[in-house]
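For reference, the structure discussed in these notes is given below.
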Amino acid sequence: MLIWTVVAPLLGASCHVLADETLGCLVVDPGAGAAPQVEELVRRHGLTPRGVAVTHGHVDHTWDAAALGDLYGIPVFVHREDEPRFHEPFTTLGPLGEQLRQMADHAGLGTYRAPGDVRTFDGDAELPLLDGAVQARHLPGHTGGSTVYVVADAPATGSALPPASGADAGRVDDLTHVWLTGDVLFAGTIGRTDLPGGDPTAMAASLGRFADWEGPALVLPGHGPRSRSDVEFATNPYLARRT
């Protein structure tokens, strides 16, 4: 599987593009300003977009979902609990929402709009978007609908991944899965739970699920460097205490 990561200007949100052997691709978390970079990847590599999937409804991860959905005529997938955030992208973030709106205005990123063709799912789900099914696993805590997408594949030669969090985290030759963790799990830490819809108790329960997942996996968060599941189990204090 080929994987490319581009970084959106608004809050440095990572947008990940995954392509299977047929060059069908899935776009995960297209934040504000990510669309032109995704369009260039599609053109350069001859990709056929199959869908957009967002890990949660925060606007720094969803801003360009409408643009890409309309351009390629593809659906946007989101957990049902976070779908309302498409329609209230700023007010559902509390005071941070107005700050993001002003940042977007200053960056000339245009006006936000909600995607049209939205497909929601409940709980864990299977999305038939690539050669092998994409597993959508509901891990609330950062938001009520936070989701980690899991793919049973590994990055192929030619992928353009974000920098690794360290030497151990950079190894890719033995990987069996990819975890697209959004703002649930970062390299060395986890997502915040103090924004509207956040829940520390739910986050704790969600983190406990990782120990039973397949791996070793490439961990691609919604911000910052990449990592590996085994490295996170060994070094991330929020995971190590649960394994």
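Per mature numbering (1 follows the signal peptide of the UniProt record, and there is no 0), the sequence shown runs over residues -19 to -1, 1 to 224.
Note that CB positions come from ideal geometry on N, CA and C, so glycine has one too.
Computed from a prediction, not measured in an experiment: that's the story for all the values here.
If the criterion is Cβ atoms closer than 8 Å, does the pair residue i and residue j meet it?
i, j, result
"V129", "V165", "yes"
"P(-11)", "A13", "yes"
"L49", "G27", "no"
"A208", "G122", "A small correction: the amino acid at residue 208 is Ser; Ala does not occupy that position in the sequence shown. Going by C-beta atoms, S208 is not nearer than 8 Å to G122."
"A(-7)", "D41", "yes"
"L74", "P177", "yes"
"W(-16)", "S140", "yes"
"V19", "V(-3)", "yes"
"V59", "V99", "yes"
Let me confirm a value: residue i is counted as buried when at least 16 other C-beta atoms fall within 10 Å, else exposed. Which label applies?
i, result
"T182", "exposed"
"D51", "exposed"
"Q116", "buried"
"A137", "exposed"
"T43", "buried"
Would you list the one or two residues that DSSP bridges to residue i?
i, result
"W(-16)", "V(-3) and A141"
"G32", "L7"
"F58", "A34 and R100"
"S127", "Its beta-bridge partners do not exist; DSSP assigns none."
"G163", "P202"
"R207", "A145"
"H119", "T128"
"E107", "Q116"
"T170", "F167"
"H158", "A198"
How close, in whole Å, do the beta carbons of residue i and residue j come, if the pair is a contact with beta carbons under 8 Å?
i, j, result
"D63", "G125", "7 Å"
"H37", "S127", "4 Å"
"E195", "T162", "Their Cβ separation, rounded to whole angstroms, is 14 Å, which puts E195 and T162 out of contact at 8 Å."
"V131", "R118", "6 Å"
"A47", "G97", "7 Å"
Kindly indicate if chain B contains any beta-carbon less than 8 Å away from that of residue i.
i, result
"T170", "Protein chains in the displayed structure number just one, and chain B is not present."
Contact between the region 212 to 219 and the region 7 to 23 is defined here as three or more beta-carbon pairs at a separation below 8 Å; is this criterion met?
no
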